[in-house]
Amino acid sequence: MRAPRDQGGTAGPTAPAPTARHWAEALARRYLEELGFTHLASNYRLRGGELDLVMQDGATVVVVEVKQRKDARHGHPAEALRRPQLTRLRRTAEHFTAVALGRPDAAVRLDLVTVVGGEDSHRLEHRPGVSWGRGADA
């Protein structure tokens with residue numbers, strides 16, 4: 000019998016092994032913390048959605064989507080953020096603020112952090128306030 004799927008919360012001991020995505024998320028977290036953001040959660044999962052990072056910037060809860068690519072030959076990582084994913088992110092963010100934080104009326108913002116390159120050499124971009132209704136390339 001399979002264990003039940005995690006319906007919310009931070010990824011636990013059954014989280015997958017570190018990958019390129021995980022080092023990019025750690026890089027994004029460090030960058031945002033240096034800007035004064037406070038870390039609230041990582042890899043918060045809800046059926047059909049996952050929040051890479053949840054941070055706090057003043058009174059605002061900030062959902063951070065991290066996109067990483069080795070290079071931009073196949074397009075900028077921001078181009079991978081599309082409407083269906085935005086819908087899942089919004090739904091998961093609403094669950095997080097209502098259930099995990101107990102603040103259903105919290106102000107929530109979506110930020111995108113893109114990383115192009117590898118661990119040794121990369122370029123990080125932070126795009127605050129991405130629209131919940133359109134991709135970052137719109």
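In numbering that gives the first Met the number 0, the protein residues as written are 0 to 137.
All C-beta atoms, glycine included, are put in the ideal place defined by N, C-alpha and C.
Helix, strand or coil at residue i [DSSP, three-state]
{"i": "ALA2", "result": "Low local confidence applies: a pLDDT of 36 at ALA2 is under 50, so the model's placement there is unreliable, with the coordinate-based value given in what follows. The answer is coil: DSSP assigns ALA2 none of H, G, I, E or B."}
{"i": "LEU123", "result": "strand"}
{"i": "TRP131", "result": "coil"}
{"i": "THR9", "result": "Only weak support is given to the placement of THR9: the predicted model assigns it a pLDDT of 45, under 50, and the question is left unresolved by the model."}
{"i": "ASP136", "result": "Residue confidence is low: ASP136 scores 47 on pLDDT, short of 50, so the model does not pin down where it sits. Its coordinate-derived value is still stated next. Coil at ASP136, not helix or strand."}
{"i": "LEU31", "result": "helix"}
{"i": "PRO15", "result": "Model confidence at PRO15 stands at a pLDDT of 46, short of 50, so the residue's coordinates are unreliable and nothing is read from them."}
Where the beta strand (DSSP E) through residue i begins and ends
{"i": "ARG44", "result": "37-45"}
{"i": "ASP110", "result": "107-116"}
Assumed close pair residue i, residue j - CB separation to whole angstroms, cut-off 8 Å
{"i": "ALA27", "j": "VAL112", "result": "4 Å"}
{"i": "GLY47", "j": "ARG87", "result": "6 Å"}
{"i": "GLY128", "j": "ASP110", "result": "7 Å"}
{"i": "ALA79", "j": "TYR43", "result": "With a Cβ gap of about 20 Å, ALA79 and TYR43 do not count as contacting."}
{"i": "LYS69", "j": "GLY117", "result": "6 Å"}
{"i": "TYR30", "j": "HIS121", "result": "Actually they do not touch by this definition, with Cβ atoms about 11 Å apart."}
Contiguous alpha helix (DSSP H) assignments of at least 4 residues, all confined to the segment 45-105: 82-94
Count the C-beta pairs between the segment 67-80 and the segment 45-54 that are closer than 8 Å, then say yes if the count reaches three, no if not. no
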